[in-house]
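These notes concern the structure reproduced below.
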Amino acid sequence: MSRSAVAPVATGDLTGAQAGGRAAGRPRFYREILLILLCYGAYSLVRDLVPRNHTAALNRGHDILHLERLLHLNIESSINRLFTDERWLGMSANYYYASLHFILTIGVLVWLYTRHPERYVFYRRLIFATTVLALIGFWLYPLAPPRMIPGFVDTALNVGGGLYESSASPVASVSNQYAAMPSLHTGWSLWCAIAIADVTRPSRVRWLAYCYPAATVFVILGTANHYLLDAVGGVVTLTAGYAATRTVRVVVPRLGPVARVFSTDTGGSAAP
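Under our numbering, residues 1 to 272 are what the sequence shown spells out, in order.
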């Protein structure tokens, strides 16, 4: 029996490596760029088509806070107060919230593509599945963030920093302000941590990777952009995305010619 047949496989997808081809099955670069651009365009379009009933979204926000009080999870206001009292913390968090969400996610994708192509396809599929499920959540449950509710402070407006500079900014005007549940900041940051932990050996690197989603949850609460239950929703969405990704990986190759569209990432035949 060959070594590859008994080699342990983590959560990554070895379809490309099994099919053979260049760079251990690395997908074509131009196809990946086109796919990512198309998916991001679809994400932006669908996200901004989410219904924007302000009153209903505010009512849902109050419902979330009420539920959190019942569960003794209402920690947002105290963290938000810390971020407004310590202005350097609030300003740093605003830049963190507006930039790292995309920079680190894209960075991890590029890193997987160039250094760990045998894992790349699986994690690309996982983040796409997670994002699609999040868009469904945005559509079904438009939710006003805490910063729109009396008693919370919009740190982008009162402290400054970041790209959004409050809901009245040009950037915010083209972004749906009620796409809060689930928190994609949480889901994507946890995706980054899992991907890094999956392909790195030193335990200290793994612990450092998981500090990123922990810091992200702290930031989204402190800037009053999300509730704690939004973060829980982000974790649940990533978990559901993982289940969907694994299911598709098993089912699609059995669909005959259709499998070439979904399972062939290297220009060869579909994986068995």
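Think of the CB as a built atom: it goes at the ideal place given N, C-alpha and C, for glycine as much as any other residue. Computed from a prediction, not measured in an experiment: that's the story for all the values here.
Inter-residue spacing [alpha-carbon to alpha-carbon] between residue i and residue j
i	j	result
F262	L70	With a pLDDT of 46 at F262, under the threshold of 50, the modelled position of that residue is not reliable, and no figure is offered here.
G241	E68	25 Å
L184	A134	7 Å
L157	V132	30 Å
A129	T245	7 Å
P202	L112	17 Å
C211	H116	22 Å
G160	Y178	21 Å
L104	C192	8 Å
L45	I33	18 Å
T247	R125	11 Å
I36	R28	12 Å
T55	V217	26 Å
L140	A57	11 Å
A180	A224	11 Å
H66	R31	47 Å
G107	H72	36 Å
N74	E86	21 Å
Residue from the options whose Cα sits closest to the Cα of residue i
i	options	result
P51	T131, G137, E118	G137
P146	T245, V232, H226	H226
I127	L190, F218, N74, H62	L190
G61	G187, C39, P182	P182
A59	A215, D230, A144, A195	Residue identity check: residue 59 is Asn in the sequence provided, not Ala. Per the Cα distances, A144.
L109	I194, T216, A215	I194
V236	Y212, W188, V248	W188
V232	R28, A214, I36, L112	A214
F122	V217, A42, V199	V199
Nonlocal neighbours in the same chain, by C-beta distance under 8 Å from residue i, ignoring five residues either side
i	result
G222	I79, N80, L82, F83, L89, G90, A93, T155
C39	F128, T131
A243	none
R204	none
Neighbourhood of residue i by C-beta, 7 Å cutoff - its chain only, sequence neighbours within 5 removed
i	result
N53	P142
L238	T130, G187, L190, W191
G41	none
Same chain only: Cβ atoms within 6 Å of residue i, ignoring 5 sequence neighbours per side
i	result
A197	R206, A209
V219	A93, Y96, Y97
I64	Y227, L229
H101	H185
Y120	L112, Y113
G234	P182, S183, T186, G187
M1	The pLDDT assigned to M1 is 41, lower than 50, so where the model puts this residue is not dependable, and the model offers no usable value.
Residue-level contact to chain D via CB, residue i, 7 Å cutoff
i	result
T130	Among the chains in the structure shown there is no chain D, since it carries only a single protein chain.
- Item | Contact between the region 141-157 and the region 79-88 (3+ Cβ pairs under 8 Å) | yes
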